[in-house]
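Colleague: Here it is, the structure, as structure tokens.
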Amino acid sequence: MKAIDFHLHPLPMLPDRLLTDEVEAACLEKCVLLAMDVDPGALEEPWIRYRMASTLFDEGFWDLYGLDHARLLLQLGRTPNTRVAELVAERPDVFVGGGSVNPSRGLAYVEEKLAEVRELGLSGVKIIPTLQFLDPERHGEELEAIFDFCSKEKLVLILHTGCDPGPWELPALSANARPSLYGDLIGRYPDVPVVLAHAGSYSLRQPGIWLDEALALCRENDNVWLDLAAVTYLAVEEKFVVKIRNSVGFDRFLFGSDWPTVQGVSVKDAIGRVEASRALGEHEKEAILRGNARELLSRIRVPANSG
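Going by the working numbering, the residue at position 299 of the sequence shown is 309; the numbering climbs one at a time, nothing skipped.
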């Protein structure tokens, strides 16, 4: 079965050929490429440095390289909207472009980046509360501007939920990526499809950490979708499959590989895990791997030459 990968990172360090080889090896029908608007320089801001350092100390995980590790991850992860657009232009039959805007950098910056997303013809906007040091209360005006833009332009909004690698494995540093914090905003924009990336579940320490919150938002809002990036175990392990099936079902779950950030797991491997799941029915597998994504892509602005 040809799958649709709704969550892949075209990191600038990767040769373009490696990316296309990976996509072709997995025989993908389509692939959503995600930009990441993150700023390593943010760690020089006193309030951010204090928050990170004090949290690491309080949680007993401080070491001399903690902030340097965070800075390195931001440097490696930063993926401009222009890179995504260039890749989409090369393979519009397969690639769908997801831009990214950093709400924590102020309203003027947000408006500038949203204009860039429009000019580049991208099909969505990604927000990463963890790596963008986003506070949904402090940056409420910026978040509303992004939702309003997605509503007017008919774009999908992709919201990272759950923890993240490195120091952000600490739930205390990733608390602003709890799905429940965005419920009111999502409810005010029922016409904006919102994908809760990682289904609120990514965490090495506590797998499925905020899954219940993600399921609650999905249950309460018809515009909420969930992706399986880095959390394919949600479609494999019986306890998670039963919880999901009894709560919302799998009609708004999307396959995502999170390639290449999941060490040692190819896109093809991630697809294979879902296909081999003994806990899922065949209809559920087809819906997750392709059917649901087709439905979502039909609702948003995708360039006509994307096939």
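Glycine included, each C-beta is placed from N, C-alpha and C at the ideal position.
#1: Return the chain-ordered list of same chain residues with a C-beta closer than 6 Å to the C-beta of D158, the five sequence neighbours on each side being excluded.
#2: Please tell me whether C173 and S184 are closer than 7 Å, where the distance is taken between their beta carbons.
#3: For A35, does the three-state DSSP call read helix, strand or coil?
#4: Between W235, F67, G109 and V111, which has its C-alpha nearest F265's C-alpha?
#5: Please name the residue in M11, P22, L29 and M23 whose C-alpha comes closest to that of S276.
#6: Short check: CB of N186 to CB of Q142, under 7 Å?
#7: For the putative contact between T171 and H208, defined by C-beta atoms under 8 Å, what is the C-beta separation to the nearest angstrom?
#8: So, helix, strand or coil for V275, using DSSP?
#9: Taking the alpha-carbon positions, what's the C37 to A226 distance?
#10: On a Cα-Cα basis, can you pick out the residue from I298, D26 and V246 that is closest to D261?
#11: Here's the rule: buried if 16 or more other CB atoms are within 10 angstroms of the residue's CB, otherwise exposed. What is H79?
#12: Taking Cβ positions, are G87 and V135 nearer each other than 7 Å?
#13: Taking only the alpha-carbon atoms, compute the straight-line gap between R215 and S190 and give it to the nearest angstrom.
#14: Where do the ends of the beta strand (DSSP E) carrying G134 lie?
#15: Where are the alpha helix (DSSP H) runs, 4 residues long or more, that stay fully inside the region 188-259, in chain order?
#16: Give the secondary structure of D78 by DSSP, where H, G and I count as helix, E and B as strand, and everything else as coil.
#17: Could you tell me the distance, in whole angstroms, from the CA atom of L144 to the CA atom of R283?
#18: To which residues of the same chain is L83 closer than 6 Å at the C-beta, ignoring the five residues directly before and after it?
#19: Measure the CB-CB distance between A240 and V272 and report whether it falls below 7 Å.
#20: Only counting the same chain, and skipping five residues up and downstream in sequence, which positions put a Cβ closer than 6 Å to that of V258?
#21: Using a Cβ-Cβ cut-off of 7 Å (strictly less than) and excluding sequence neighbours within five positions of L165, which residues of its own chain qualify?
#22: Just verifying my parser: in three-state terms, what is the DSSP assignment at C173?
#23: Candidates V104, P22 and L290: which alpha carbon is nearest T89's?
#24: From the DSSP output, which residues share a beta bridge with S287?
#25: Go ahead and pull the three-state DSSP assignment for T89.
#26: With a CB to CB cut of under 6 Å and the five nearest residues on each side skipped, what residues in its chain are close to S287?
#27: Beta carbon of L131, beta carbon of P313: below 7 Å?
#28: Taking 7 Å as the threshold (C-beta atoms), are G116 and N91 in contact?
#29: What number of angstroms, rounded off, separates the C-alpha of N231 from the C-alpha of I156?
Modeller: Per the coordinate set shown:
#1: Taken in chain order, the list of residues that qualify is empty.
#2: Yes, these two residues count as a Cβ contact at 7 Å.
#3: The three-state reading of DSSP puts A35 in helix, counting H, G and I together.
#4: Among W235, F67, G109 and V111, the Cα nearest to that of F265 is on W235.
#5: Nearest C-alpha to S276: L29.
#6: Not a contact, by the Cβ cut-off of 7 Å.
#7: In this structure T171 touches H208 by the C-beta definition: roughly 6 Å separates them, less than 8 Å.
#8: DSSP, read as helix, strand or coil, puts V275 in coil.
#9: Rounded to whole angstroms, the separation of the alpha carbons of A226 and C37 is 33 Å.
#10: Ranking the options by Cα distance to D261, first place goes to I298.
#11: When all chains shown are included, H79 counts as exposed.
#12: Not closer than 7 Å, so no.
#13: CA-CA distance, R215 to S190, rounds to 20 Å.
#14: Start and end: G134 to I137.
#15: Runs found: 193-198, 221-230 and 248-257.
#16: DSSP, read as helix, strand or coil, puts D78 in helix.
#17: Straight through space, the alpha carbons of R283 and L144 are spaced by roughly 33 Å.
#18: The residues are G176.
#19: In this structure, A240 lies near V272, with their beta-carbon atoms less than 7 Å apart.
#20: Same-chain partners within the cutoff: L225, C228 and R229.
#21: Result list for L165: S133, G134, V135, I310 and R311, in chain order.
#22: C173 sits in coil when the DSSP states are folded into three classes, being neither helix nor strand.
#23: Considering only alpha carbons, the answer is P22.
#24: DSSP lists no partner for S287.
#25: Strand.
#26: Within the same chain, S287 has close Cβ partners A245 and V246.
#27: Just to set this straight, residue 131 is Gly in the shown sequence, not Leu. Between G131 and P313, the CB-CB gap stays under 7 Å.
#28: No, the Cβ-Cβ distance between N91 and G116 is not below 7 Å.
#29: The alpha-carbon of N231 is positioned some 18 Å away from that of I156.
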